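> Be aware that the sequence shown starts at 217, since it is given in the working numbering, and climbs by one per residue. In this text, a Cβ means the ideal position worked out from N, Cα and C, and glycines have one as well. Since this is a predicted model, take the numbers as computed values, not measurements.
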Amino acid sequence: MAYLSRRSVLRGSVALGASRVLAFPHVAKAAATTASMWFAQGFVQDEDVSLRKAVADYEKASGNKIELSIIPFAPERQKIISALTSGVVPDILDSNPGEILQIYAWQDRWVDVSDVVETQKAQFSETALQAAQAYNNVTKKSRFYGVPLRAAVVPCHIWRPLVEKDGFKIEDIPKTWDAYFDFFKKVQDNLRKQGERKVYGLGFPRRSECRHQGRQTASRRPEGQAGGHQGGGLPRRRLPGRLRAAERDQLERRRRQQRLSREAHGDGRRRDAVDRGRGQGQAP
């Protein structure tokens, strides 16, 4: 039976998309016929069924064994952070939360899998390839520390009552991006004149990995200045520091939100106090 390594697993796998990546902890590379893999439970059952089938197909084709653990999304996050802290890690895991790719690449905690990605590079979009790269502060290089696995679409949620309160219909919303953003800026301004002070025309989650994972969701400045991915316009040598600051801000925000009671987690005062001044608002 052939020996199994992280690279042999990856080369035998089918890469599916762009924004989610598989990451590989930096541990001893002892040859083995079995590899452990952690993956977040899908939001629908078909995701887990497809994953198990892909693993079974690989095992059949290679003769190797994958010890697959499918873990609910939130508990997997805690499990991964604990594992990376203790050093007792699986061979392969999905990037959950996504920012761990950048955080631990900075600390030289991941295995460089650039040679694996190179064998499949032509199959990926530029966005997918950028999403799997991170800067290593020890080697002073950006390398691939994950393999793109799947893509996702970020929807735009629209509050119909607020649009209609301003005298518009959903059908009035423009079909091109620039006009779309300008429309909601106008709705925001009009609603604020009517006393709706806590309404924001556009609201985007800002996370470190969003700088490449779907640039179409990068926030547009209300003044009409050019939008862009996080760190856009910064010299490359300054980008890691900017990302670390953004990551710290996001993690602290999450910690504070988790301390809020369920009743106050909506639009109550305590939630408003957390969100105030951070550009996270309600979208019409």
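(1) Start and end of the beta strand (DSSP E) containing Tyr351?
(2) Could you tell me the distance, in whole angstroms, from the CA atom of Gln346 to the CA atom of Phe255?
(3) As a quick exercise: from Val260, Ile316, Tyr274 and Gln257, pick the residue whose alpha carbon is nearest that of Ala249.
(4) Just to confirm the assignment, what range does the beta strand (DSSP E) spanning Leu365 have?
(5) Where DSSP assigns a beta bridge to Arg359, which residues make up the other side?
(6) What are the boundary residues of the alpha helix (DSSP H) that includes Ala272?
(7) Measuring CA to CA, which of Ala350, Lys356, Gln323 and Pro364 is closest to Gln339?
(8) Pick helix, strand or coil for Asp398, following the three-state DSSP scheme.
(9) Below 8 Å between beta carbons: does that hold for Tyr361 and Ala299?
(10) Terminal residues of the continuous alpha helix (DSSP H) containing Glu209?
(11) Let me know the secondary structure DSSP gives Asp324 once reduced to three states.
(12) Classify Gln404 as buried or exposed, calling it buried when 16 or more other Cβ atoms lie within 10 Å of its own Cβ.
(13) Could you pull out every residue in the same chain whose Cβ sits closer than 8 Å to the Cβ of Lys295, ignoring the five residues on either side in sequence?
(14) Is Thr250 helix, strand or coil by DSSP?
(15) Leaving out five residues before and five after Glu425 in sequence, what residues of the same chain have Cβ atoms less than 6 Å from its Cβ?
(16) Buried or exposed: where does Pro377 fall if 16 or more other Cβ atoms within 10 Å of its Cβ makes it buried?
(17) Hey, quick one: how far does the beta strand (DSSP E) through Leu418 stretch, first residue to last?
(18) Quick one: what's got a C-beta closer than 6 Å to Gly484's C-beta in the same chain, skipping five residues either side?
(19) Run the CB neighbour count on Ile319, radius 10 Å, all protein chains shown included, and call it buried at 16 or more, exposed below.
(20) In chain order, what residues of the same chain have a beta carbon less than 6 Å from the beta carbon of Asn353, not counting five sequence neighbours either side?
(21) Just to confirm, are Ser341 and Arg359 a CB contact at a threshold of 8 Å?
(22) In this structure, does DSSP put Ile508 in helix, strand or coil?
(23) CA-CA distance, Glu413 and Leu407?
Concretely, from the data shown:
(1) Taking the sequence shown and counting its residues from 1, the one referred to as residue 351 is at position 135. Run containing Tyr351: Gln349 to Asn352, per the beta strand (DSSP E) assignment.
(2) Translated into the one-based positions of the sequence shown, residue 346 becomes position 130. Translated into the one-based positions of the sequence shown, residue 255 becomes position 39. One Cα belongs to Gln346, the other to Phe255, and the distance between them is close to 22 Å.
(3) Indexing the sequence shown from 1 puts residue 249 at position 33. The sequence as given places Thr at residue 249; Ala does not occur at that position. Nearest option by C-alpha distance: Tyr274.
(4) Position 149 of the sequence shown holds residue 365. Here the beta strand (DSSP E) through Leu365 covers Gly362 to Arg366.
(5) Here residue 359 corresponds to residue number 143 of the sequence shown, with the count starting at 1. Per DSSP, Ala350.
(6) In the sequence shown, the residue the question calls residue 272 occupies position 56. Unbroken alpha helix (DSSP H) run through Ala272: Gln261 to Ser278.
(7) If you number the sequence shown from 1, residue 339 lands on position 123. Among Ala350, Lys356, Gln323 and Pro364, the Cα nearest to that of Gln339 belongs to Pro364.
(8) Here residue 398 refers to the residue found at position 182 when the sequence shown is read from its first residue. Collapsing the DSSP output to three states places Asp398 in a helix.
(9) Residue numbering aside, residue 361 sits at position 145 when the sequence shown is read from its first letter. Residue numbering aside, residue 299 sits at position 83 when the sequence shown is read from its first letter. By the CB criterion at 8 Å, Tyr361 and Ala299 fall outside the cutoff.
(10) This structure gives no information on residue 209, because the portion of the chain shown stretches from 217 to 500.
(11) Taking the first residue of the sequence shown as 1, we reach residue 324 at position 108. DSSP places Asp324 in coil when its eight states are reduced to three.
(12) In the sequence shown, the residue the question calls residue 404 occupies position 188. Label assigned to Gln404: buried.
(13) Here residue 295 refers to the residue found at position 79 when the sequence shown is read from its first residue. Cβ neighbours of Lys295 beyond the five flanking positions: Trp254 and Ile287.
(14) If you number the sequence shown from 1, residue 250 lands on position 34. Of the three classes helix, strand and coil, the one that applies to Thr250 here is strand, per DSSP.
(15) Taking the sequence shown and counting its residues from 1, the one referred to as residue 425 is at position 209. Residue confidence is low: Glu425 scores 43 on pLDDT, short of 50, so the model does not pin down where it sits. Its coordinate-derived value is still stated next. Result list for Glu425: Gly314 and Glu315, in chain order.
(16) As a working mapping, residue 377 is identified with position 161 in the sequence shown. Here Pro377 is exposed. Its C-beta has fewer than 16 other C-beta atoms within 10 Å.
(17) Translated into the one-based positions of the sequence shown, residue 418 becomes position 202. Counting along the chain, Leu418 falls outside any beta strand (DSSP E), and DSSP gives it neither H nor E.
(18) The residue labelled residue 484 in the question sits at position 268 within the sequence shown. Low confidence applies to Gly484: its pLDDT is 38, below 50, so where it sits in the model is not reliable enough to give any reading.
(19) For this step, residue 319 is matched to residue 103 along the sequence shown. Ile319 should be labelled buried.
(20) Against the sequence shown, residue 353 aligns to sequence position 137. Around Asn353: Trp322.
(21) The residue you call residue 341 lines up with position 125 of the sequence shown. The residue you call residue 359 lines up with position 143 of the sequence shown. For Ser341 and Arg359, no; Cβs fall outside 8 Å.
(22) This structure cannot settle anything about residue 508, because the visible part of the chain is limited to 217 through 500.
(23) For the purposes of this step, residue 413 is identified with residue 197 of the sequence shown, where counting begins at 1. For the purposes of this step, residue 407 is identified with residue 191 of the sequence shown, where counting begins at 1. The question names Glu, but residue 413 is Arg in the sequence shown. Rounded to whole angstroms, Arg413 to Leu407 spans 8 Å at the Cα level.
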